[in-house]
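Numbering (our numbering), first residue to last: 13 to 268.
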Amino acid sequence: MEEDASTSGNSNISPQLVNEWIEIQDSLKKRLITDDEFDWKLPPMKDQDSEGMEENQDSNVEILKYVGGVDLSFSRNDSLIACATLVVLDISTLEVVHEDSSIIKLRIPYVPGFLAFREAPVLLELLKKMETTSPTLYPQVLMVDGNGLLHPRAPFLWISLLCHYWSLLKSLERSAGFGLACHLGVLADLPTIGIGKNAMWTTKSSLKPIFISVGHRVSLPSAIKIVKLFGRFRVPEPIRQADIRSKDFFRKHGLS
DNA sequence: GCGACAG
DNA sequence: ATCTTGTCGC
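Written out as structure tokens, the structure reads:
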């Protein structure tokens, strides 16, 4: 009588557990910060419009340098086994300056809307470990494979997003979703950005967009600017590297 | 009651 | 997330 924590058809998740999860999300949401709240500043962007020339006076403030990315990959044979990977990239070189992975057995199934309860614990461990192991490279902002405020439990949100009502959106955000990026950001007290690769509606258009949403302590405009710094592939480099290296690490140890 | 559902 | 070849394009 072993439980199956793998499948998307969530096996034995009790409604009371889901209620607990909802309460946790709601309480963590109270700690969520959706404005810029970090001690670094964005590097100057190459093609920037009117507001590009802000106060370049602050020579005291350091410029964003270390951007992190996290992702999980899964075993083909045993879908309970996953590899969680944390990478940190130097934004000026785009090189990976830190990498760490850990293979774990998942105890919680994937339940849409509650991804964080499955994936956040391992990722938190990796972050905490790095905090003591190599604090000098610790990411100033973290890109998370999953959504932030744009979250399945807040379906009305993307409508607002698409309409560009960003200021209006702010007031709505607080009572909206709370995805993995938020969850992880609040628990690690680290600025995060959510990167979704498929959101809750099928893209019928020819283009395959990614979905950038606020995680924690980074505003949506800033999040977008940061993601644009990695404009080489569809998926921004930190997430992409975490994904690649997570799969590589897997092949090196267990069977693919 | 069923219906769209991040990874 | 994962199972899967060739293929179109920068």
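The beta carbon of each residue, even a glycine, is placed where N, CA and C say it ideally should be. Owing to the predicted nature of the structure, the values given are computational and were not obtained by experimental measurement.
Per DSSP, Tyr-78 forms a beta bridge with which residues?
For Tyr-78, the beta-bridge partners assigned by DSSP are Asp-102.
Quick check on Gln-152: buried or exposed, where buried means 16 or more other Cβ atoms within 10 Å of its Cβ?
Of the other Cβ atoms in all chains shown, 16 or more fall within 10 Å of the Cβ of Gln-152; this residue is therefore buried.
On the CB-based measure, 16 or more other CB atoms within 10 Å of its CB, does Ser-255 come out buried or exposed?
Note that residue 255 is Asp in the sequence shown, not Ser. Burial call: buried.
Selected residue, minimal CA-CA separation from Val-73, among Asp-90, Leu-84, Ser-87 and Trp-52:
Of Asp-90, Leu-84, Ser-87 and Trp-52, the residue nearest in Cα terms is Trp-52.
Sorted by chain position, which residues of the same chain lie with C-beta nearer than 8 Å to Val-247's C-beta, five sequence neighbours on each side aside?
These residues qualify, in order along the chain: Ile-207, Lys-209, Ile-222 and Asp-255.
What residue range is occupied by the uninterrupted alpha helix (DSSP H) comprising Ser-225?
First-last for Ser-225: 223-228, but that is the beta strand (DSSP E), not the alpha helix (DSSP H).
Could you spell out where the beta strand (DSSP E) holding Val-198 opens and where it closes?
Looking at the DSSP string, Val-198 is not in any beta strand (DSSP E); the run it does join, the alpha helix (DSSP H), is 192-200.
Please classify Asp-12 as buried or exposed, where buried requires at least 16 neighbouring CB atoms within 10 angstroms.
What the structure shows of the chain is the stretch from 13 to 268, and residue 12 is not part of that stretch, so it cannot be assessed.
Could you name the residues that DSSP lists as bridge partners for Leu-161?
Partner(s): none; Leu-161 has no beta bridge.
Less than 8 Å separating the beta-carbons of Glu-35 and Arg-257?
For Glu-35 and Arg-257, no; Cβs fall outside 8 Å.
Does the beta-carbon of Asp-2 have 16 or more other beta-carbons within 10 angstroms, so that it is buried, or is it exposed?
Outside the displayed span of the chain (13 to 268) sits residue 2, for which this structure offers no information.
Here's a check: name, in chain order, each residue in its chain whose Cβ is nearer than 6 Å to the Cβ of Lys-41, leaving out the five neighbours to either side.
Phe-190.
N-terminal and C-terminal residue of the beta strand (DSSP E) that Glu-131 is part of
Residue range 127-145 is occupied by the alpha helix (DSSP H) that includes Glu-131, with no beta strand (DSSP E) assigned at that position.
Residues near Phe-86 by beta carbon distance below 6 Å, same chain, minus five either side:
Listed in chain order, the non-local C-beta contacts of Phe-86 below 6 Å within the same chain comprise Ala-94, local neighbours out to five positions each way being set aside.
Closest Cα partner of Val-226 within the set Ile-251, Asn-159 and Leu-241:
Selected option, being the one with the closest Cα: Asn-159.
Alpha-carbon to alpha-carbon, Leu-199 and Leu-136
So the two alpha carbons sit approximately 8 Å from each other.
Per DSSP, which one or two residues make a beta bridge with His-265?
The partner list for His-265 (beta bridge, DSSP) is empty, contrary to what the question assumes.
Buried or exposed for Gly-243, please, with buried defined as at least 16 other CB atoms from any protein chain shown within 10 angstroms of its CB.
Counting other Cβ atoms within 10 Å of its Cβ, Gly-243 stays below 16 and is therefore classed as exposed.
Would Ala-5 and Leu-196 be called neighbours here (beta carbons separated by less than 8 Å)?
Since the first residue shown for the chain is 13 and the last is 268, residue 5 is missing from the structure and cannot be characterised.
What residue does the beta strand (DSSP E) around His-42 start on, and which one ends it?
Before going on, a small fix: residue 42 reads as Lys here, not His. Per DSSP, Lys-42 is not a residue of any beta strand (DSSP E), being assigned neither H nor E.
Check Lys-53 in the structure and name its three-state DSSP category.
It is a strand residue.
Which of helix, strand or coil does DSSP assign to Val-123?
Residue state, collapsed to three classes: coil.
Whose CA, out of Ile-205, Glu-143 and Leu-76, lies closest to the CA of His-163?
Cα-wise, what sits closest to His-163 is Ile-205.
Proximal residues to Arg-43 (C-beta, below 6 Å), its chain only, five neighbours per side dropped
Around Arg-43: Val-198.
Tell me Val-284's beta-bridge partners as DSSP assigns them.
Only positions 13 to 268 of the chain appear in this structure, which leaves residue 284 out of reach.
Thinking Pro-250 and Gly-81 are a contact (beta carbons under 8 Å), I'd like their distance in whole angstroms, please.
Yes, they are in contact, since the Cβ atoms of Pro-250 and Gly-81 sit about 3 Å apart, within 8 Å.
Determine the burial state of His-228: buried for a count of at least 16 other Cβ atoms within 10 Å of its Cβ, exposed for fewer.
His-228 comes out buried.
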